[in-house]
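As given, the protein sequences belong to chains A and B, one line each in that order.
First residue of the first sequence: 47, per this note's numbering; consecutive thereafter.
First residue of the second sequence: 47, per this note's numbering; consecutive thereafter.
What follows is a short report on a single structure.
Protein chains: 2
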Amino acid sequence: MKVLITGGAGFLGRRLGLKILERGTLAGADGRPRTIDRLTLLDVAAGEAIDDARVRTLVGDIGDPAIMADAIDAETEVVFHLAAIVSGQAEADFDLGMRINLDGSRLLLERCRALGHRPRVLFTSSVAVFGGVLPTVVPEDWPVRPQSSYGAQKAIGELLLSDYSRKGFVDGRVTRLPTISVRPGRPNKAASSFASGIIREPLNGEAAVCPVPPGTRLWLLSPRKAIEALIAVQELSSDRLGDDRVLNLPGVSVSAAGMVAALGRVAGEEVAAWVRWEEDATITRIVGSWPGAWNTDRATALGLAGDKDFDAIVQAYVEDDLAAHRPLAG
Amino acid sequence: MKVLITGGAGFLGRRLGLKILERGTLAGADGRPRTIDRLTLLDVAAGEAIDDARVRTLVGDIGDPAIMADAIDAETEVVFHLAAIVSGQAEADFDLGMRINLDGSRLLLERCRALGHRPRVLFTSSVAVFGGVLPTVVPEDWPVRPQSSYGAQKAIGELLLSDYSRKGFVDGRVTRLPTISVRPGRPNKAASSFASGIIREPLNGEAAVCPVPPGTRLWLLSPRKAIEALIAVQELSSDRLGDDRVLNLPGVSVSAAGMVAALGRVAGEEVAAWVRWEEDATITRIVGSWPGAWNTDRATALGLAGDKDFDAIVQAYVEDDLAAHRPLAG
């Protein structure tokens with residue numbers, strides 16, 4: 047069978063792809079494990095090449111029906127839909143966010159529906175669907191009230207995935223992801239970009255700015271655990287999922303100050319000292335509207351697990367990403 | 047200023063139009079009362095003509111950008127967006143529902159945004175945004191979980207209106223309407239059509255079928271009170287509304303059996319005897335997924351009121367609609 051990852055050149059998409067190639071099988075449209083003959087990585091720009099005969103790299107825009115028709119065909123049984131315009135950019139360029147995050151997701155669903163074999167489609171949603179006055183731990187049954195266009199577009203995507211699933215057009219799954227930290231590479235246009243930057247840059251001996259107040263709580267998940275969860279949710283049987291297709295993934299709740307303290311514990315105080323505090327009103331407004339934690343009983347009952355604590359997340363980053371590039375001084 | 051009503055040939059739209067003409071003014075884009083120079087009634091088919099020089103009847107499809115451009119211009123300060131493919135039809139014809147309920151609403155919002163003067167846009171949402179296991183009285187803070195495509199499309203419309211308002215593109219207001227009963231005229235393709243039919247048809251000396259079990263609770267509002275509420279919400283200041291643009295309108299909670307009992311009390315047992323009970327699985331599934339009541343504290347605090355009880359609703363129908371056509375036997 048064929049598997050598609052949109053956003054396949056992004057760091058999460060690429061890593062998910064590598065993990066899937068390593069496994070060699072995934073639950074297919076009927077839920078039974080199937081051998082992966084083809085893994086298509088679709089993105090707006092080509093990523094670093096992967097030397098594997100099963101990989102097909104496709105460069106294009108998910109808002110383009112021709113690209114969608116090319117990316118998804120009768121043998122495509124599994125789609126991981128990760129591609130999105132990130133929060134900061136979707137807020138700055140409303141039309142672009144609508145075109146990719148809403149129209150693109152809809153084109154993808156329509157293409158899957160047209161094939162008629164009910165592929166499994168996993169859509170990644172976000173903390174950003176929540177907003178307004180939130181309890182310290184957001185319950186499973188909390189209404190979405192996005193305070194950003196990105197959040198609104200993700201919430202609409204959740205509704206579309208759920209209705210397409212209810213109608214039997216696709217076998218949809220939505221994972222609401224905590225903010226992913228620590229992302230390797232460079233800063234991006236997500237409002238939450240700093241949640242990786244304040245760890246990554248200091249570990250590389252570079253200054254980093256934290257644009258939210260020290261007390262701002264974040265709900266975080268490491269890339270390693272995120273990828274485990276995406277695959278686990280894709281493989282869940284429809285029966286175990288039931289009618290409610292939206293799952294809040296586990297995370298760890300930590301304040302911005304607590305993140306920097308963890309960095310100090312793992313890498314040394316001199317590393318943590320690279321972080322400067324300089325509040326940015328827009329980022330504080332957007333990130334401050336997100337939950338600092340949510341209830342994960344349902345995810346836990348389904349066997350999903352997050353990280354132990356933020357120290358473990360920093361440690362995992364050092365092991366998975368930093369060690370390969372630079373020996374740790376601390 | 048100009049006022050637009052989409053769905054203006056429908057019974058609620060037409061009546062809303064007549065009430066607005068009678069008033070002669072409405073709060074404009076800046077919130078101050080303005081004289082209505084033009085009332086455009088847009089619908090897919092022409093309704094009964096209204097003899098008033100201020101009225102313009104426009105026949106067309108809200109999914110058509112040319113019609114939208116014609117219907118909304120620089121002088122349009124108020125839009126009542128009532129047009130929709132109803133629940134039963136949106137479930138039977140998914141693509142039509144998406145084209146009108148989602149794409150049409152988006153075209154309307156885009157047209158308003160392009161004008162740049164932030165018109166007031168009132169969007170009518172529905173009990174159908176809720177679903178799943180519901181408490182007897184759904185709290186204000188209950189998550190939407192639609193179990194029909196109509197409900198999903200309305201929930202998406204709520205998110206769009208809210209985000210367009212947050213961005214300052216429109217001054218949006220969403221009224222979640224209870225099921226409107228008693229609608230005059232003929233049955234339509236709404237799953238809730240029976241909620242009018244089981245009162246209206248017997249009062250006309252005709253048999254009616256109730257397709258849901260007698261114990262099914264409905265959340266109802268008379269056309270009279272619905273129109274009062276739509277105008278009142280349109281006239282609320284942005285400050286009083288605040289950031290949360292979605293309002294649950296008051297209603298009365300009554301079982302299907304209770305509706306027929308009220309008909310008996312108002313019009314006589316021989317009238318109520320025209321109702322036959324014959325369950326329809328699809329209608330029972332859709333209507334059974336809707337709330338039988340919701341909390342209305344916020345609406346009440348904003349000065350909105352529903353009907354006293356269902357007897358009063360039947361009585362209002364007899365006065366407003368039936369009396370004009372046929373003397374009541376009971």
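Ideal Cβ placement from N, Cα and C applies to all residues, glycine included.
| query | result |
| --- | --- |
| Using 9 Å as the limit for Cβ to Cβ distance, is Arg219(A) near chain B? | no |
| Starting from Gly218(B), trace the beta strand (DSSP E) in both directions and tell me its first and last residue. | 217-223 |
| Under a three-way DSSP split, which group does Gly376(A) fall into? | Here Gly376(A) scores only 42 on pLDDT, less than 50, and its place in the model is too uncertain to base an answer on. |
| Got a sec? Which residues, its chain only, sit under 7 Å from Asn234(A) by beta carbon, not counting five neighbours each side? | Val132 |
| Which residues share a DSSP beta bridge with Asp89(A)? | Val105(A) |
| Thinking just about the alpha-carbon of each residue, which of Met47(A), Ala55(A), Ile51(A), Lys48(A) is nearest to the one in Gly231(A)? | Ala55(A) |
| For chain D, find out if any of its Cβ atoms is closer than 9 Å to the Cβ of Asp187(A); answer yes or no. | In the structure shown, chain D does not exist; the protein chains are A and B. |
| Considering only C-alpha positions, which residue in the set Gly63(A), Ala73(A), Val279(A), Ala351(A) is nearest to Asp290(A)? | Val279(A) |
| Taking Cβ-Cβ distances shorter than 7 Å, what residues in chain B pair up with Phe140(A)? | Lys213 |
| Under 9 Å between beta-carbons, which chain A residues line up against Val42(B)? List them in chain order, please. | Nothing in the structure corresponds to residue 42(B), since chain B is present only between 47 and 376. |
| Return the chain-ordered list of same chain residues with a C-beta closer than 7 Å to the C-beta of Pro373(A), the five sequence neighbours on each side being excluded. | Residue placement at Pro373(A) is flagged as unreliable, the pLDDT there being 49, under the threshold of 50; the coordinate-derived value follows with that caveat. So no residue of the chain qualifies. |
| Using only CA atoms, which one of Glu94(A), Asp89(A), Asp97(A), Ala99(A) lies nearest to Asp107(A)? | Asp89(A) |
| In the stretch 248-306 of chain A, which residue ranges form an unbroken beta strand (DSSP E) of at least 3 residues, counting only runs that do not cross its ends? | 254-256, 263-267, 292-294, 298-301 |
| Between Gly376(B) and Asp355(B), what straight-line distance do the alpha-carbon atoms span, to the nearest angstrom? | Unreliable positioning characterises Gly376(B) in this predicted model, as indicated by a pLDDT of 42, which lies under 50. A coordinate reading is not provided. |
| Give a yes or no on contact between the stretch 164-174 of chain A and the stretch 196-214 of chain A, applying the rule of three or more CB pairs nearer than 8 Å. | yes |
| What does Arg322(B) pair with, by DSSP beta-bridge criteria? | Val255(B) |
| What is the DSSP secondary structure of Thr52(A), reduced to helix, strand or coil? | strand |
| Quick one: what's got a C-beta closer than 7 Å to Pro224(A)'s C-beta in the same chain, skipping five residues either side? | Val173, Trp265, Leu266, Leu267, Leu295, Gly297 |
| Answer with yes or no whether the minimum CB distance from Gln135(A) to chain B is below 9 Å. | no |
| Taking Asp110(A) as the reference, give the member of Leu180(A), Arg152(A), Trp320(A), Met305(A) with the closest Cα. | Arg152(A) |
| Within its chain, find whatever has a CB closer than 8 Å to the CB of Leu67(B); leave out the 5 residues flanking it on each side and keep chain order. | Ile82, Leu85, Ile96, Asp98, Arg100, Val101 |
| Quick check on the burial criterion: 16 or more other C-beta atoms within 10 angstroms. Buried or exposed for Asp141(B)? | exposed |
| Per the DSSP calculation, Ser171(A) is bridged to which residue(s)? | Arg222(A) |
| Which same chain residues end up closer than 7 Å to Asp76(A) when comparing Cβ atoms and leaving out the 5 residues on each side of it in sequence? | none |
| Taking one C-beta from the stretch 201-217 of chain A and one from the stretch 248-258 of chain A each time, how about it: are there three or more such pairs within less than 8 Å? | no |
| Kindly list, in the order they appear in chain A, the residues whose Cβ is closer than 9 Å to that of Ser195(B). | Asp209, Arg212, Lys213 |
| Keeping to the same chain, check which residues put their C-beta closer than 6 Å to that of Lys48(B); ignore five residues upstream and five downstream. | Arg84, Glu121, Thr122 |
| Kindly give me the distance between the Cβ atoms of Ser195(A) and Gly143(A), rounded to whole angstroms, as I take these residues to be in contact under 8 Å. | 5 Å |
| From what residue to what residue does the beta strand (DSSP E) around Phe126(A) run? | 122-127 |
| Relative to the C-alpha of Glu325(B), which residue among Asp343(B), Pro260(B), Pro181(B) is closest? | Pro260(B) |
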